[in-house]
Every structure is written in C-alpha cells, then in structure tokens.
Amino acid sequence: MSFRLSSRSRARLVGVHPALIAVVEAAITRTTVDFMITEGLRTVERQAVLVKAGASRTARSRHLTGYAVDVAALVEGQVRWDWPLYGRIAEAFKAAARDLKTPLIWGGDWKTLRDGPHFELDRKVFP
Ligand SMILES: [Zn+2]
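Structure representation (structure tokens):
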C-alpha cells in the first residue's frame, strides 16, 4: 500500500519550510493511512479569523511562518476525523522526521488542546 500527495495537497505546501515539506513527502510514502494537506502557510488575516472563531488559540501560530501543516485522514478518498487514524499518520511523520533528522512536533502529543491534524517544526531548532 502506497499513497501519493494530490496536486491540491502540493499546492497547499507552497510557502512551507523545505525541511517540513521533505518530512511530508517521506511520510506519504510510508503511512498506512492516506492523508491530504488541508493547510500550510496562513496569512495574519486568516489567523485572526481563526482565533476569533475559537479554532486557534494563538496569534503566534507556526502556520504564519510556514513552519506547520495540517492534515486530514483519507479512507477510500473520504476525509475522516476518527482519532486513531491520526495516531497512525503521526507514526509515519515521526519516522520520516527521525530519518531526516528534522525535529518535529505533533499536535496530538500536546497535553492540552490536542491537535491531531497538526505537525510543526520544533521551535528549539527552527525558531
Ligand atoms: Zn495547524
């Protein structure tokens, strides 16, 4: 079983840090759950809208600098939000990040406001 990024997903990677794109590219080749990219680089205006709507908690999102991506799990081409799918996608991202020696943070590992679809470059290495 092998998946490929759609052209729409690739378009959403425009402006994302090359190190993070490399992790995404490696993750899609090894994941057992297909995924699409729903968002990469985000404008300040859009971030403000998301914070106001309660969809984001920070005005300092990593999406603003292109240091974060959001994914959606796909099962037979349909978007699914079932939590276990995101753990499996995260396994692929983490393994890819390890191979590429790119420190990566998964939002699903956060203690509060777990964010399963979210991956970002570690601030400690990519401030
Ligand atoms: Zn995100």
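Numbering (the numbering used here), first residue to last: 9 to 135. Just so you know, even glycine gets a beta-carbon here, dropped at the ideal spot from N, CA and C.
| Item | Value |
| --- | --- |
| Is it the case that the CB of V52 approaches a heavy atom of ligand 1 more closely than 8 Å? | no |
| Give a yes or no on contact between the segment 51-65 and the segment 24-38, applying the rule of three or more CB pairs nearer than 8 Å. | no |
| Near A80, which residues of its chain fall below 7 Å by C-beta distance, leaving aside the five closest residues on each side in sequence? | F43, M44, T46, V87, P125 |
| CB of G85 to nearest heavy atom of ligand 1: below 8 Å? | no |
| Going by the CB atoms, is the gap between I97 and G41 shorter than 9 Å? | Rather than Gly, the amino acid found at residue 41 in this sequence is Val. Yes; because the gap between Cβ atoms is below 9 Å, this pair is in contact. |
| If you count every other CB in all the chains shown that lies within 10 Å of the CB of E128, and 16 or more means buried, which is it? | buried |
| Could you spell out where the alpha helix (DSSP H) holding W91 opens and where it closes? | 91-108 |
| Here's the rule: buried if 16 or more other CB atoms are within 10 angstroms of the residue's CB, otherwise exposed. What is R68? | exposed |
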